[in-house]
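In terms of my numbering, the sequence shown is residues 32 to 344.
What follows is a short report on a single structure.
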Amino acid sequence: MTGIAGGKPRHFLDLADFTTAEIEGLLASAKALKARHRKGELGDYLPLLGRKIALVFQQPSLRTRMSFDVGINELGAHVLIVSGDEIELGQRESIADTARVMSRYVDAIMIRMLSHLELTELAHYASVPVINGLTKKSHPCQVLADIQTFEERLGSIRGRTVAWTGDANNVLASWVHAAARLDVKLKIATPEQLAPPKEILDWAAREKADLTLTRDPYEAVSGADCVITDCWVSMGDSDREYRHNLLRPYQVDQRLMDAAGRDAIFLHCLPAKRGEEVAADVIDGPQSAVWDEAENRLHAQKAVLVWALADTK
Ligand code: CP
Ligand code: NVA
32 MTGIAGGKPR HFLDLADFTT AEIEGLLASA KALKARHRKG ELGDYLPLLG RKIALVFQQP
92 SLRTRMSFDV GINELGAHVL IVSGDEIELG QRESIADTAR VMSRYVDAIM IRMLSHLELT
152 ELAHYASVPV INGLTKKSHP CQVLADIQTF EERLGSIRGR TVAWTGDANN VLASWVHAAA
212 RLDVKLKIAT PEQLAPPKEI LDWAAREKAD LTLTRDPYEA VSGADCVITD CWVSMGDSDR
272 EYRHNLLRPY QVDQRLMDAA GRDAIFLHCL PAKRGEEVAA DVIDGPQSAV WDEAENRLHA
332 QKAVLVWALA DTK
């Protein structure tokens, strides 16, 4: 299994690592792959025929697991799925040795693990592309699919306004990266205790991202084309009651959507808890694009895989 001939493997760890043109290229590819999918022309296009791709999960997953599995099959490659527990990731042997060994068996590694540091360590020692399937820090595959969904519904995201309300978690961090690269005005409403970490705000300032931080969800959604939220308790969070108490005022209900406007769409990466971060009538209502968003994981990730494995043998 060899990576890019004579060069470094093409990892997909964070949208921050990509230029505007590269992200737009991935989105164009995702759109083309979806059109091909819709026309039922999958059998004519098998760019990854015979390749082998490992999916490693240290945390649970529905969408990431199934969309990668189906996408890899559609591209003609073979998939191997292992849980972090099965291989005792980071315990039975070092992350570096795991990376070295896996690189001898497979052409790419998609991994979900909480530690972003360990993800970067794995990528450092792997000689094949490593794809971030969610860490505690970021979730770039999700946000690529989110942008694809936004653009299907509302046209180019350049110069548009996106509102985030709730916990400043991993999905938001990838939205901050996307906002900087794609000239999105990102308005973020969080309680003070769950505001974006300094590291991401410093990055956003350096990259001149257009962020607005507020405690008021109504201020965040004013003028927004899209309203986004996520669960109040992410994987790896233990302080459930504390988070619920802080985040209750940040629920996306119809009154909040009305404040954004009738044409605004609602996104949520899922899994969702109706009655907590989102009211049932919003997620199940006409402004919600969450099912397209979940489907687009498939197309966006196929674009990432085709890009990551281009020019490799
Ligand atoms: N949105 C998302 O990543 O879903 P899963 O956790 O089910 O993969
Ligand atoms: N923020 C959530 C996303 C789940 C897809 C989590 O990390 O659990």
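Glycine included, C-beta positions come from ideal geometry on N, C-alpha and C.
Local conformation of residue i per DSSP, three classes
{"i": "Thr260", "result": "strand"}
{"i": "Ala320", "result": "coil"}
{"i": "Met144", "result": "coil"}
{"i": "Tyr62", "result": "In the sequence under discussion, the amino acid at residue 62 is Lys, which differs from the Tyr named in the question. DSSP places Lys62 in helix when its eight states are reduced to three."}
{"i": "Ala235", "result": "helix"}
{"i": "Ile188", "result": "coil"}
{"i": "Thr129", "result": "helix"}
{"i": "His170", "result": "coil"}
{"i": "Ser114", "result": "strand"}
{"i": "Asp289", "result": "helix"}
{"i": "Asp241", "result": "strand"}
{"i": "Thr221", "result": "coil"}
Nearest residue (CA-CA) to residue i, options the options
{"i": "Leu145", "options": "Gly254, Ala154, His155 and Lys167", "result": "Lys167"}
{"i": "Ala171", "options": "Lys344, Leu336 and Phe43", "result": "According to the sequence as given, residue 171 is Pro; it is not Ala. With distances taken between Cα atoms, Pro171 lies closest to Phe43."}
{"i": "Asp138", "options": "Val252, Ile103 and Asp177", "result": "Ile103"}
{"i": "Arg212", "options": "Ala226, Glu238 and Gly164", "result": "Glu238"}
Outcome for residue i when other beta-carbon atoms lying within 10 angstroms are tallied against a minimum of 16
{"i": "Tyr281", "result": "buried"}
{"i": "Glu105", "result": "buried"}
{"i": "Arg328", "result": "buried"}
{"i": "Asn4", "result": "The structure shown does not extend to residue 4, since the chain is modelled only from 32 through 344, so no value can be given for it."}
{"i": "Arg82", "result": "buried"}
{"i": "Thr260", "result": "buried"}
{"i": "Glu324", "result": "buried"}
{"i": "Gln332", "result": "buried"}
{"i": "Thr243", "result": "exposed"}
{"i": "Thr196", "result": "buried"}
Same chain only: Cβ atoms within 6 Å of residue i, ignoring 5 sequence neighbours per side
{"i": "Ala210", "result": "Leu217 and Ala240"}
{"i": "Phe88", "result": "Ser114 and Arg143"}
{"i": "Ser169", "result": "Asp45, Asn201, Ala204 and Ser205"}
{"i": "Gly107", "result": "Leu77, Leu79 and Leu80"}
{"i": "Ala130", "result": "Leu153, Tyr156 and Ala157"}
Contact set for residue i: own chain, Cβ-Cβ below 7 Å, skip 5 residues either direction
{"i": "Thr192", "result": "Lys216, Lys218, Gly254, Ala255 and Asp256"}
{"i": "Glu149", "result": "Gly121 and Ile126"}
Cβ neighbours of residue i in the same chain (closer than 8 Å, five flanking residues each side left out)
{"i": "Pro302", "result": "Leu93 and Cys262"}
{"i": "Gln285", "result": "Ala310, Asp312, Val313 and Gly316"}
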